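Have a look at the structure below before the remarks.
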Amino acid sequence: MNASASPADRLGVTFLFSLVAHAVVVLGVTFSYAKRPPTLPALDVILVQSASGEAPDKADFLAQASNSGGGDSDKPKRPSDPLSSAIPKPTQGVVPRATEDGAPRPSEATRAELLTTRQSDTAATTARETPDAPDTRLPLEREIAERKLEMARLAQEIQRESEQYAKRPKRKYISANTREYAYASYMSAWVARIERIGNLNYPDDARRQELHGQLVLTVGLNRDGSVKSIDVIQPSGHKILDDAAIRIVNLSAPFNALPQGSEAVDELYITRTWQFLPGNVLRNR
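Here's what the structure looks like:
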């Protein structure tokens, strides 16, 4: 401080610093920086259109309802919604958009024309012919109600197709070239039962006529081992042998229940070659 300052100046400076110190103590003035609010982790949830009511053992996605769906795909695929959503799409799509009806454009009034003939005291006034304008009237309440009913029917049809897709059974197809242990063991036991029942019930007509040949047969089994379908993929050329193979499958049913492992299926289809060999022997290859 300058030595030439008066006592009054020194008293004023001291009084000012005293006020600032008391204000900091009394008012509790502090300085701090604003912290960022904590962010919550995002959760990916799928909204499914239908639910089967069965909770799967291992879910592929999170949804608002449990659904054990089917399908022919071996890998899990994210469900897609066939309906439109509020999220803007990169493409406009091919569905026609409804346009609001507007008022017709104003047109100029037609001028009256006078048609006259010579040596006549009468005149006729006609209006100029105007082209037909499209009907731009606003839709009536009945038309609006019919459109809403049509939209409701379409939405119900899409919902019904989605439910049918969710209820579609899981199918698996195996043959003699399978490499999966669970179904290979099941098919081995299935073939042993077919050959045992088939040799015990060899067709008498084929034995008497000495018919031999082979055919390819696909047998569909339900989850409990009952027969769902029997299809002759490649006939043997002898109806007696084809009918005998179908009869042997029905005599051998019901089979053991399907294996319920990591891939539980509702229907199993087994394709095998049936051989009716000389010596009245049945072999399943």
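Under the numbering used here, think of the first position of the sequence shown as 8, with each following residue one higher.
Note that the Cβ used here is the ideal one computed from N, Cα and C, for glycine as well.
Every value quoted in this text rests on a predicted model; they were computed, and no experiment measured them.
Query                                                                                              : Result
Neighbour-count burial assignment, residue 224, 16 or more Cβ in a 10 Å radius                     : buried
Euclidean distance between Cα positions of residue 198 and residue 258                             : 13 Å
DSSP three-state assignment for residue 230, whether helix, strand or coil                         : coil
Endpoints, the alpha helix (DSSP H) within which residue 258 is located                            : 246 to 259
Whole-angstrom C-beta distance between residue 177 and residue 272, which should lie under 8 Å     : 5 Å
Residue from 275, 219, 234, 266 with nearest C-alpha to residue 248                                : 219
DSSP-derived helix/strand/coil call for residue 193                                                : helix
Meets three-Cβ-pair contact criterion under 8 Å: the segment 156 to 164 and the segment 231 to 245 : no
Expected contact under 8 Å - CB spacing of residue 266 and residue 189 to nearest Å                : 4 Å
The ligand ADP heavy atom lying under 8 Å from the CB of residue 17                                : Absence of the ligand ADP is noted for the structure shown, with no ligands found whatsoever.
Within 9 Å, strictly: CB atoms of residue 289 and residue 201                                      : yes
DSSP state of residue 223 mapped onto helix, strand, coil                                          : strand
For residue 278 and residue 165, the rounded distance between their alpha carbons                  : 35 Å
Presumed contact (8 Å Cβ cut-off) between residue 281 and residue 252, rounded CB distance         : 5 Å
Any C-beta of chain B under 9 Å from that of residue 215                                           : Reference to chain B is not applicable here, since this structure consists of a single protein chain.
DSSP-derived helix/strand/coil call for residue 206                                                : helix
Residues sharing a beta bridge with residue 22, DSSP                                               : Residue 22 is not bridged to any residue.
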